[in-house]
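S.K.: The opening position of the sequence shown corresponds to residue 0 in numbering that gives the first Met the number 0, with each subsequent residue numbered one higher. C-beta atoms are modelled at their ideal positions from N, C-alpha and C, and glycine is treated no differently. Since we're looking at a predicted model, the values are computed, not measured.
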Amino acid sequence: MRRVLAILFLSVYLISTTELGQLLKFPMLVEHYFEHKEKNPQITVMEFLALHYEGNHLENHPHDEDYEHDQQLPFIVHTDVLSVSFVLTPPFSFEIETRKLVGKEPKALPLDDAFSDNNYLSAIWQPPKSC
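1) Once the 5 residues before and after Thr88 are set aside, which same chain residues still bring their CB inside 6 Å of it?
2) Please look up how many angstroms separate the CB atoms of Gln41 and Phe74, rounded, as I've assumed it's under 8 Å.
3) Would you check if the distance between the CB atom of Leu28 and the CB atom of Leu19 is smaller than 7 Å?
4) What three-state label does DSSP hand Ala107 in the structure shown?
5) Taking only three categories from DSSP, how would you classify Asp69?
6) Contact defined as beta carbons within less than 8 Å: I believe Leu72 pairs with Lys36. What is the distance between those atoms, to the nearest angstrom?
7) Considering only their Cβ atoms, is the gap separating Phe47 from Tyr32 smaller than 7 Å?
8) Alpha helix (DSSP H) containing Lys38: first to last residue?
As structure tokens, then:
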């Protein structure tokens with residue numbers, strides 16, 4: 000089941016992104032050959048293919064009564080099956096400005112001496128006392 004799904008997805012991808020989709024027009028080629036065979040019973044398959052595919056199609060087989068049908072044959076008209084576009088954006092930059100507010104000086108907080116105990120701070124840095 001996995002193999003069948005892998006082949007299916009690969010086929011869909013290749014047909015949609017390459018010229019392999021032209022192979023789906025192969026029945027039109029056979030039908031068009033039989034139309035030419037009715038008009039000219041001596042035409043061979045190689046002559047038919049040379050008439051339609053050798054060199055430039057317009058030089059070998061110019062406008063005639065079946066020109067529209069000729070344009071529907073596989074690999075006569077090439078299509079753009081995959082378009083890739085790139086978008087270049089202009090360079091992006093920004094600047095951050097720091098502004099000082101004029102007239103507003105930062106206020107210094109008052110020192111609260113009642114919070115710190117001077118005796119405790121001075122006792123920390125005493126040399127050890129002998130026992």
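M.R.: If we stick to the structure as given:
1) none
2) Taking 8 Å as the upper bound for CB-CB distance, Gln41 and Phe74 are not in contact here, some 25 Å apart.
3) no
4) Look at Ala107 here: in three-state DSSP terms it is coil, with no helix or strand label.
5) Residue state for Asp69 is assigned as helix, using DSSP reduced to three classes.
6) Not really, about 15 Å apart at Cβ, beyond 8 Å.
7) yes
8) Run containing Lys38: 25-38, per the alpha helix (DSSP H) assignment.
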